[in-house]
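Enquirer:
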Amino acid sequence: MSIKQKIENLEIRRADLAKGGGVKAVEKQHAGGKLTARERIEKLLDRGSFHEYDMFIRHETREFGMDDKTMPADGVVTGTGSIDGKPVAVFAQDFTVMGGSLGLMHARKITKILDYAMDMRIPVIGINDSGGARIQEGVNALAGYGEIFYRNTMASGVIPQISVILGPCAGGAVYSPALTDFVFVVENISKMFITGPEVIKTVLGEDISQEDLGGARVHAEITGNAHIYSQTEDECFEKIKNLIRLLPANNSEKAARIDTKQPESGNIGEIVPDDASAPYDVRDIVRAITDDSYFYEIQELWAANIVVGFARMDGETVGFIANQPLVLAGVLDCDSSDKAARFIRFCDAFNIPIITLEDLPGYLPGVDQEHSGVIRHGAKMLYAYSEATVPKITVILRKAYGGGYIAMNSRHLKADFVFAWPSAEIAVMGPEGAANIIFRKEIAEAENPAEVRKQKVAEYREKFANPFVAAGKGYIDAVITPGQTREFLLHALKTAKGKTTATPQKKHGIPPF
Amino acid sequence: MEYKILNIDGTEYKTLFTKKFTNRKRWTPSAANEIKATIPGTVLKLNVRNGDKVKEGDVLLLFEAMKMQNIILAPCAGEITNLEAKEGDALPKGAVILTIK
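Top to bottom, those sequences are chains P and U. Residue 506 in this note's numbering is what sits at position 506 of the first sequence, and the numbering runs on without skipping anything. Heads up, this note's numbering is the position in the second sequence plus 1000, with the first residue counted as 1.
(1) Around the C-beta of H371(P), are 16 or more other C-beta atoms found within 10 angstroms, so that it is buried, or is it exposed?
(2) Going along the chain, which unbroken runs of the alpha helix (DSSP H) with 4 or more residues stay wholly within the region 60 to 145 of chain P?
(3) Name the residue from I271(P), L397(P), C347(P) whose alpha carbon lies nearest to the alpha carbon of N323(P).
(4) Taking the straight line between their C-alpha atoms, what separation do you get for A15(P) and Q136(P)?
(5) How long is the line joining the alpha carbons of A444(P) and F468(P), rounded to whole angstroms?
(6) Counting C-beta neighbours from all protein chains within 10 Å, is the total for I437(P) 16 or more, i.e. buried, or is it exposed?
(7) Using a cut-off of 8 Å between C-beta atoms, extract the partners of D368(P) located in chain U.
(8) Mapping the DSSP letters down to three states, classify P272(P) as helix, strand or coil.
(9) Given this structure, state the Cα-to-Cα distance separating N250(P) from V90(P), to the nearest angstrom.
(10) Rounded C-beta distance between D94(P) and G103(P)? I'm assuming under 8 Å.
(11) Is E1084(U) close to chain P? Criterion is C-beta to C-beta, closer than 8 Å.
(12) Distance cutoff 8 Å, beta carbons only. Does G362(P) sit that close to anything in chain U?
(13) Check whether the Cβ atoms of M1066(U) and V203(P) sit closer than 8 Å, and answer yes or no.
(14) Looking at the structure shown, is E42(P) part of a helix, part of a strand, or coil, going by DSSP?
(15) Could you please give the first and the last residue of the uninterrupted beta strand (DSSP E) stretch that includes P168(P)?
(16) Give the C-beta separation of L1044(U) and E1084(U) to the nearest angstrom, bearing in mind that I take them to be a contact with Cβ-Cβ under 8 Å.
(17) Going by beta carbon distance, what residues of the same chain come within less than 8 Å of I1039(U), once the five residues before and after it are set aside?
(18) So with CB distances below 8 Å, who are the chain U contacts of S277(P)?
(19) Assuming contact is defined by CB atoms lying nearer than 8 Å, are A415(P) and T389(P) in contact in what I supplied?
(20) Put F237(P) into one of helix, strand or coil per three-state DSSP.
(21) Do three or more CB pairs link the region 415 to 431 of chain P to the region 480 to 490 of chain P at distances below 8 Å?
(22) Tell me the DSSP secondary structure of Q161(P) in three-state form.
(23) Three or more beta-carbon pairs under 8 Å between the region 139 to 151 of chain P and the region 45 to 52 of chain P, yes or no?
(24) Hey, how far is the Cα of A427(P) from the Cα of F464(P)?
(25) Looking at chain P, which residues of the region 1053 to 1075 of chain U have a Cβ within less than 8 Å of any of its Cβ atoms?
(26) Counting beta carbon pairs with one atom in the region 222 to 229 of chain P and one in the region 267 to 275 of chain P, are three or more of them shorter than 8 Å?
(27) Compare the C-beta of T1038(U) with all C-beta atoms of chain P and state if any pair is closer than 8 Å.
(28) Throw me the rounded Cβ distance for the I189(P) and L166(P) pair, which I believe falls under 8 Å.
(29) What is the DSSP secondary structure of D16(P), counted as helix, strand or coil?
(30) Do you know how far the Cα of A1077(U) is from the Cα of G1057(U)?
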């Protein structure tokens, strides 16, 4: 064969492999509203930036008639490319090739690209669309999963890891996404569960559809396994790109600074109602503070009583954590503590300063909360805030009661800056509850208990429901007007840029997982 | 969107409820003499009938769940009542199988 013929031969081989599982399988994939693995990568990465590796990988299984089965690229497309010019590693399971099933070589391709990503210190994006373990390969398939989990764990906190669920992801396969930092799901396409509806029906007699068991909405709203929910694959890819833009490539870098504008809103002082028991959307405050009024929310639908997400201040990425009075009065509970704790640890690992906006009445009371372990879950948040060494700034907007005050990045957990608005109320509990306890006897013995209670509540509110008692102790650095908030935050972030924290020598802490 | 009232420490907050909060299971005290299905499963074999007297530790039934046979013993002595399940019945989690009076 001449060199020219050899080159032609290569082109033919490559074109053949790029067809994946063939025309029929691709048609079926498209009919389900799904793109193929290579189409997905093309949409996600900068045009023409994708470089595919290990295209010619072949499996070596001989049993169960597998010796005469060829599987293009062994059912997974791997390589590197870029998003906005920033290098990323990618793998995408190809459902058109034997259902995207995971065998030994398929797994080896994934572990190889994860190793590349770690060596090069670049983010990795994994697109999951697989029927599960390739049963014909037996324990080799299980070994493959385990080797992926190990690498996900080692890469955790070193490079950002993103999982995209664009098809089934069942059984052991779910644990790779679960170990990564951000899980993206798409309505009607994502399906995630440990045991599927058939097994559940056989063993437990419960009849449930795949969608109701582990669809996109379920994981975005009920389980908290998913971080970003989209209606379509295209929307999902845009959201991934926006997230990559906000993140550094690894834990020794800072996210790239970009040019931004002032926030749009000028009415920040009019968002919080005077009545301490009236709701408002705390995201309006966030957007009144951040560059371009931009806010990239994480886990929007789950544990909505706390809001977490990324934004930019003077062009640099920051993490926001805010109690949401609009939902469950902004209380802390099991789920919201988990949500905040995980986000804090991500920010801390990737050098992203944390801004906390506080307005909460305390922890959610209830038997289900206590029995679900709100003590253990709540402790995660205390641990995460205390442990974080990135700049940590708190703004108390309104209520800061009891244990919630301590948990929301208080001075006592080593916040760098704590500011409070004049509307802040820092106390052990709300005036009503406090007056009922302190003046129980006086109220009970009064001729007109309702009148005396009202009077005592007003007395307590006057004395403690303000920021000046805490400011008098130095627990608050400055009482500021809403209009000054952005300027104070920008200055604090600038001041804290060179922050160093001495932490005790240890192998690792033991967070209350 | 309709605001609900959430009472925390005597203060009534206007706010929205989550589905999870609305659907939370109300706690009820469980009686020690009630035998419940702790996980969904199937009644494989019944050793007792309504009206039978049992001693503490007697085998009441075999309950199959997660492909395992669980031997259910009487937690106390007494008379079997409220037994409606038959052998082969599949029961959901939390279902009362019988009561010992």
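Every residue gets a Cβ at the ideal spot worked out from N, C-alpha and C, and that includes glycine.
Expert: The relevant details are as follows:
(1) On the first sequence, residue 371(P) is found 371 positions in, with the first residue counted as 1. With fewer than 16 other Cβ atoms within 10 Å, it is exposed.
(2) 104 to 120
(3) Looking up residue 323(P) in the first sequence gives position 323. N323(P) has its Cα closest to that of L397(P), out of I271(P), L397(P), C347(P).
(4) The residue you call residue 15(P) lines up with position 15 of the first sequence. The residue you call residue 136(P) lines up with position 136 of the first sequence. A15(P) and Q136(P): Cα-Cα distance of roughly 28 Å.
(5) Locating residue 444(P) in the first sequence gives position 444, counting from the first residue. Locating residue 468(P) in the first sequence gives position 468, counting from the first residue. Cα to Cα, the separation comes out at about 31 Å.
(6) Residue 437(P) sits at position 437 when you count from the first residue of the first sequence. Result: exposed.
(7) For this step, residue 368(P) is matched to residue 368 along the first sequence. Chain U residues near D368(P): R1024, K1025, W1027.
(8) Within the first sequence, the letter at position 272 stands for residue 272(P). As written in the sequence, residue 272(P) is Val, which differs from the Pro given in the question. Reduced to three states, the DSSP call for V272(P) is coil.
(9) Here residue 250(P) is taken as the residue at index 250 of the first sequence, counted from 1. Here residue 90(P) is taken as the residue at index 90 of the first sequence, counted from 1. Taking the straight line from one Cα to the other gives about 16 Å.
(10) One-based indexing of the first sequence puts residue 94(P) at position 94. One-based indexing of the first sequence puts residue 103(P) at position 103. Not confirmed; about 13 Å, so no contact.
(11) On the second sequence, position 84 is the one that residue 1084(U) refers to. Output row for E1084(U): interface = no.
(12) Residue numbering aside, residue 362(P) sits at position 362 when the first sequence is read from its first letter. Taking Cβ atoms only, chain U reaches closer than 8 Å to G362(P), which makes this a yes.
(13) For the purposes of this step, residue 1066(U) is taken as residue 66 along the second sequence, with counting starting at 1. For the purposes of this step, residue 203(P) is taken as residue 203 along the first sequence, with counting starting at 1. Yes, Cβ-Cβ distance for M1066(U) and V203(P) is below 8 Å.
(14) Position 42 of the first sequence, counted from the first residue, corresponds to residue 42(P). Of the three classes helix, strand and coil, the one that applies to E42(P) here is helix, per DSSP.
(15) Within the first sequence, the letter at position 168 stands for residue 168(P). Note, P168(P): beta strand (DSSP E), 168 to 170.
(16) Here residue 1044(U) refers to the residue found at position 44 of the second sequence. Here residue 1084(U) refers to the residue found at position 84 of the second sequence. Contact flag wrong, Cβ pair sits at about 16 Å.
(17) Translated into the one-based positions of the second sequence, residue 1039(U) becomes position 39. Once the five neighbours on either side are set aside, the close Cβ partners of I1039(U) are A1065, M1066, K1093.
(18) Here residue 277(P) is taken as the residue at index 277 of the first sequence, counted from 1. Those are T1011, E1012, Y1013, K1014, listed as they occur along chain U.
(19) Counting from one through the first sequence, the residue named residue 415(P) turns up at place 415. Counting from one through the first sequence, the residue named residue 389(P) turns up at place 389. No, these two residues do not count as a Cβ contact at 8 Å.
(20) Sequence index remark: in the first sequence, residue 237(P) carries index 237 (1-based). In the structure shown, F237(P) sits in a helix (DSSP, three-state: H, G or I).
(21) yes
(22) If you number the first sequence from 1, residue 161(P) lands on position 161. Reduced to three states, the DSSP call for Q161(P) is strand.
(23) no
(24) Here residue 427(P) corresponds to residue number 427 of the first sequence, with the count starting at 1. Here residue 464(P) corresponds to residue number 464 of the first sequence, with the count starting at 1. Answer to the nearest angstrom: the Cα atoms are 6 Å apart.
(25) A1065, M1066, K1067
(26) no
(27) Position 38 of the second sequence, counted from the first residue, corresponds to residue 1038(U). Taking Cβ atoms only, chain P never reaches closer than 8 Å to T1038(U), which makes this a no.
(28) The sequence position of residue 189(P) within the first sequence is 189, counting from 1. The sequence position of residue 166(P) within the first sequence is 166, counting from 1. That belief holds up - the Cβ atoms of I189(P) and L166(P) are roughly 6 Å apart, short of 8 Å.
(29) Position 16 of the first sequence holds residue 16(P). Three-state DSSP puts D16(P) in a helix.
(30) Here residue 1057(U) corresponds to residue number 57 of the second sequence, with the count starting at 1. Here residue 1077(U) corresponds to residue number 77 of the second sequence, with the count starting at 1. Between G1057(U) and A1077(U), the C-alpha separation is close to 8 Å.
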